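For the record, the sequence lines run as chains G and X. Residues in the first sequence are numbered consecutively from 1, following UniProt numbering. Residues in the second sequence are numbered consecutively from 1, following UniProt numbering. One structure is given below, encoded as structure tokens.
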Amino acid sequence: MGVQKDRVRFNVGGRVFETTATTLANAGRNSLFGAMFDDNWDLQSHAGTTTTEHFIDRNPDCFAVLLDLLRTGELHIPSNVPEKLLYREALFYGLLDHVRAAKWGSFDGNMLRLARSVRGLAPGDGTAIRAGPDGGCCVAHGSMVHVYDWMMEEHPPISLDYQRVNDAIWVDSDNVVISACERLGRDEGGIGLFSSLTGELRYKFRVTHENQAKSYTGGALSFNSDYKLFSSCKGRSNEYGIGVWDQVTGKQVDFFYEPTGWSLGEADKLQWLHGTNCLLVATLFPRKDNCYISLLDFRDKSMVWLWSDIGAPLTDERRVRDAIAMEETRSVCVVNEYEDLGFMDLRRSVGSVRWSSRSRLMKGKMVDEPCYPKLALHEGQLFSSMNDSISVFSGPDWVLTSRLRNSYGGSICDFSIGGDRLFSLHSEENVFDVWETRPSPVM
Amino acid sequence: MSSGQKKRNFQIEAFKHKVVVDPKYAEKTWKILEHAIHEIYNHNASGLSFEELYRNAYNMVLHKFGEKLYSGLVSTMTFHLQTMSKCIEDAHGGSFLEELNIKWSDHNKALQMIRDILMYMDRTFIPSTHKTPVHELGLNLWRDNVIHSDKIQTRLLNTLLELILRERTGEVINRGLMRNIIKMLMDLGPSVYQEDFEKPFLEVSADFYRAESQEFIECSDCGDYLKKAERRLNEEIERVSQYLDAKSEAKITNVVEKEMIANHMLRLVHMENSGLVKMLLDDKFEDLGRMYNLFRRVPNGLSTIRDVMTSHIRDTGKQLVTDPEKSKNPVEFVESLLEKRDKYDKIISLAFSNDKTFQNALNSSFEYFINLNPRSPEYISLFVDDKLRKGLKGVKEEDIEIILDKVMMLFRYLQEKDVFEKYYKQHLAKRLLSGKTVSDDAERSLIVKLKTECGYQFTSKLEGMFTDMKTSQDTMQGFYAAYGAELGNGPTLVVQVLTTGSWPTQSSITCNLPSEMSALCEKFRSYYLGTHTGRRLSWQTNMGTADLRATFGNGQKYELNVSTYQMCVLMLFNNADCLSYREVEQATEIPPSDLKRCLQSLACVKGKNVLRKEPMSKDIGEDDAFSVNDKFTSKLRKVKIGTVVAQKESEPEKQETRQRVEEDRKPQIEAAIVRIMKSRRVLDHNNIIAEVTKQLQSRFLANPGEIKKRIESLIERDFLERDNADRRLYRYLA
């Protein structure tokens, strides 16, 4: 080999490092190194001669970690370097995205490890936890929503007129929508869009009925790829149903009024189905005495599929506690309070539940303060929470393949998957867990 | 501290030396950065330390001076852009655009470097305060301070438009510079490009092309005009690809299309001596193709071409089929139809890119005028007859197929397909019986085509004719196997047994055959009836042929190929020297019209006159006398004596065929009415007419008057009744 021409020497906080321009190029143009070695800055001419030294007035220990990241693509943080310090340094160099990408791999429910548990300050039980698209999350407690970025750094909390929060949803990595109860007689509560960074309210989503703005209680939320936001709405008189807004302008574009004998306005769960362009609406026990699950088509304002347990003999085994549509198999999965899974065929216009006893593994081991099971679906894996653990089901027959458990914090009252992470919120303490998949090993 | 000392009480005091950031810190740091920005704009950046500037900007943001940094950036950059703007304004004439371009690239470079220094602010401070990112800010400031400055905005637009005008008039301009400037407008956002350039550009272009097209159309013919329009269109498309936004292509081509084509469409198409009709007449494929491609771009363009073409084909086609000269020769008649069809096929495939709508227009035009001549079915059949008799000799199999396919195409246009069938049957019968057909394969191939086109029933009788021919061959073999020895040297008989109904036979009187023949015929009859019980044979002497060996006075021997009638006449002269017309008529009992024709061909055709007639004249009189022409000579040993027949049907024959066709239609119409009424039970008059016409249109166009007659006949026969309440309704009686 000839003489290496692209050697670069740094003096970082007194420690000398030598590397190559090739290694630094891994940082990308949008980083300190990318800018520093751009032709504009005329530094290239000095490179190659080891006599010039670029001085950087920063922490050398962190520089060593980040340089190693650029060299190998792997992140190894020595015990003497606090994670927060490293993040700060990475932000200085413009390498935070590199750190994030190296920290955890793409999501696989069967390869999760507990990355950390975060203790919050809020009093009382958590209502909901929602994973953000880039690894952050938000936790709803009473009338407040606490927002964390992927470094688990907390941002200013969000509240909608300090009204009780019912649901929260990330529309993108910078914006969170929360729905809250109305305050009688005033234009407070409802639904608002907030900056996740600053916590400021951008705008509220209004409901109008016969050209009059109404105050209402916002319930379960969902949105689609057309930038439409859906929410169940409970108004004072006629405004029961599903409201639809344009996410970009905040204007109401549609309203699906609740038909008599059915329930939409107090739904526990909304789920947009991209394949069929329909919205799944599930209102469940105990919010109502009966369960109502239906699929709405907004194009012609019709319910294209529905199921209810009205009139059926109601035993606890038969009571549906959560539901999720699985478009690939054209079915709806439901769960009862013993974590038995049931399935309904979406191809028939009226559903009926086929309970699967395969998953009945928890029977008879009820804890003191139970939480109702919740379901989630992620890339062909089905997740269900029960007490203090989350079960992972895989394959076409939904076989139980993994179980996530952390004995600290009590039962899991909610969990959410997103940004290649799983967040679970515990009921007893104000604690949530972060589960990640290890980055794929180089060797 | 010594141990002896008294313990002192510790006193905790506030830390006196409070850590305060240097109050001038922000100002100092900003000065450094401001200085750097100045140096960058002054092309003097080599002395700057990137690391230091980056760290300073970082520190300002870290210490909550982001706002100061940002507003400082805005005002410093604005200051420099205003200076630049001044420089650009001062540039003279042609150097204006160049100066603008240089300053733009300077600004871009500076902006990139400033962004590098302020990267940390861009990443953290700007998103959290919802401010405009540095790069976008730089573009906005450039737009507001340079591009939208009073002295630059209109001058820039006018310069660009003038350069484009100069290029349109043939000058070479600096396209690289144009590209850079336009690219700059696009970088500033789609609205800047559209408002500051595209909109006025389209308006000016519309004016330009409106004037130019007016000028062109006054002084060029249609073909030249289209060439010019096409060139202009291509120029504009090229201009877009060279230095405009790709999205402008549709807009500017729209302008050219509207001004140069849409506004002059009718005038172009109807231009005298060079318009569409002239192009069609002269097969100007290139011009036609150009017209098609240009007109396709504008609304109603193609329908304009199509309408003119349609009416032209209809007019010329009508002339063709009603031309009495053409009607004299059916083969020529059909050939000129095919020629016409080929011509337009070629035009449509070469110039009109095989457009389906044009093909449909062509078909409907042909359908229109072919049916204007009621003899078209007959002529087409005669054309086939001609081809299958002799026309296909030495022609390759593929070419035969091509000709047959073309015939089928004409056949499809016919409304009276049943008339064609009638004639076809007649002509086929003649071909088969006279053994004149050239290729069995070609015959069968055409029948298969007819079958696929019109269904089984259309061709079942035609196929029956072929079967008869084959069976007759076998029968004759059987006959000679059985009687061959016994018959010895007598005349040879070939019989074709035709199934009644399959063939277009007319009931005709059997003439008296010569005794030698009638004996042989009787033998065959008994053989045939012996092998097939329950059948009846009757001789069609009007359709046969015979080969005779004749010796004339001078000892010359000839073989004569004649018809059965002619044979009967000639055989009489074995026993007599001279016979009068009446004697011949009496002896043979051939119907007078046939006999006259037969004698005419034996006595009056030069070179074939084996008989002599007294008195010598062209026509046969009832008092004429005939004798053998002893002086008959011929260069050939085999002499074929044709019968004088009108190949084309004579007027009374035509009437007869027509009548038979009408007769045959009656049961078909009745069957259709019954089928419809059986399923519909009750139907009013108009609907019956419509449905019957629709059901029968694959065979012929039913005449409403005739349908009405058939309905009445069906009512008489109690198949239908009129509704008592509504007389227009008919009711089906099961």
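Virtual Cβ for every residue (Gly too), placed ideally from N, Cα, C. Keep in mind it's a predicted model, so treat the numbers as computed, not measured.
At a C-beta separation below 9 Å, Ile158/G has no neighbours in chain X, since its nearest C-beta there lies roughly 15 Å away. In terms of Cβ geometry, Arg119/G and Glu337/G do not form a close pair [threshold 9 Å]. By a beta-carbon distance limit of 8 Å, Ala115/G does not contact His146/G. Their separation comes to about 18 Å.
Counting the other CB atoms within 10 Å of its CB gives Lys199/X a total below 16, which places it among the exposed residues.
The beta carbon of Pro190/X does not come within 9 Å of any beta carbon belonging to chain G, so the residue lies off that interface. Ile509/X sits in coil when the DSSP states are folded into three classes, being neither helix nor strand.
Judged by their CB atoms, Ala325/G and Leu306/G are not nearer to each other than the 9 Å cut-off. When CB distances to chain G are screened at a threshold of 7 Å, the residues of the stretch 86-117 of chain X falling below it are Lys109, Gln112, Met113 and Asp116, in chain order.
At a beta-carbon threshold of 9 Å, the residues of chain G lying near Tyr120/X are Leu32, Leu91, Phe92 and Gly94, ordered along the chain.
Nearest to Ser416/G by alpha-carbon distance, out of Arg405/G, Leu400/G and Asp433/G, is Asp433/G. Around Pro156/G, the same chain offers Thr198 and Gly199 as residues with beta carbons nearer than 7 Å, after the five sequence neighbours per side are excluded. For the stretch 127-158 of chain G, the beta-carbon criterion of a distance under 7 Å to any beta-carbon of chain X is satisfied by none of its residues. The C-alpha of Asn26/G lies about 49 Å from the C-alpha of Glu171/X. Using beta-carbon distances, Thr124/X counts as an interface residue toward chain G, with a partner under 9 Å. The beta carbon of Pro374/X sits no closer than 9 Å to any beta carbon of chain G.
Membership of Gln242/X in the alpha helix (DSSP H) is indicated by the continuous run Cys222 to Tyr243. The three-state reading of DSSP puts Asn329/X in coil, since its state is none of H, G, I, E or B. Taken through DSSP and simplified to helix, strand or coil, Arg612/X comes out as strand.
Straight across, the Cα-Cα distance linking Phe65/X with Ala26/X is about 7 Å. When C-beta atoms of the stretch 210-225 of chain G are compared with those of the stretch 249-258 of chain G, fewer than three pairs fall below 8 Å, so the two segments do not count as touching. Cβ-Cβ distances below 6 Å link Ile293/G to Ala282, Trp307 and Ala323 in the same chain, with the five nearest sequence neighbours on each side left out; the list follows chain order. Against chain X, the CB of Leu69/G has no partner CB under 9 Å away; the residue lies outside that interface. About 6 Å separates the beta carbons of Ser232/G and Leu270/G, which is inside the 8 Å limit, making them a contact pair. The straight-line gap separating the alpha-carbon atoms of Leu599/X and Lys436/X is approximately 23 Å.
Taking each of Thr154/X, Asp144/X, Met60/X and Ile114/X in turn and checking the Cα distance to His135/X, the smallest one comes out for Ile114/X. A Cβ-Cβ distance of about 7 Å is found for the pair Cys511/X and Tyr565/X, placing them in contact under the 8 Å criterion. In this structure, DSSP gives Gly34/G a helical state, which the three-state scheme calls helix. In the three-state reduction of the DSSP assignment, Val438/X falls in the coil class, being assigned neither a helical nor a strand state.
DSSP, read as helix, strand or coil, puts Phe285/X in helix. Where Tyr732/X is concerned, the enclosing beta strand (DSSP E) starts and stops at Leu729 to Tyr732. Collapsing the DSSP output to three states places Cys454/X in a helix.
Here DSSP, grouped into helix, strand and coil, assigns Ser143/G to coil. Nearest CB-CB separation between Ala27/G and chain X: not below the 9 Å threshold. In the structure shown, Leu280/G falls within a strand segment according to DSSP collapsed to helix, strand and coil.
Fewer than three pairs of CB atoms, one per stretch, sit closer than 8 Å, so the stretch 444-453 of chain X makes no contact with the stretch 467-476 of chain X. Collapsing the DSSP output to three states places Lys84/G in a helix.
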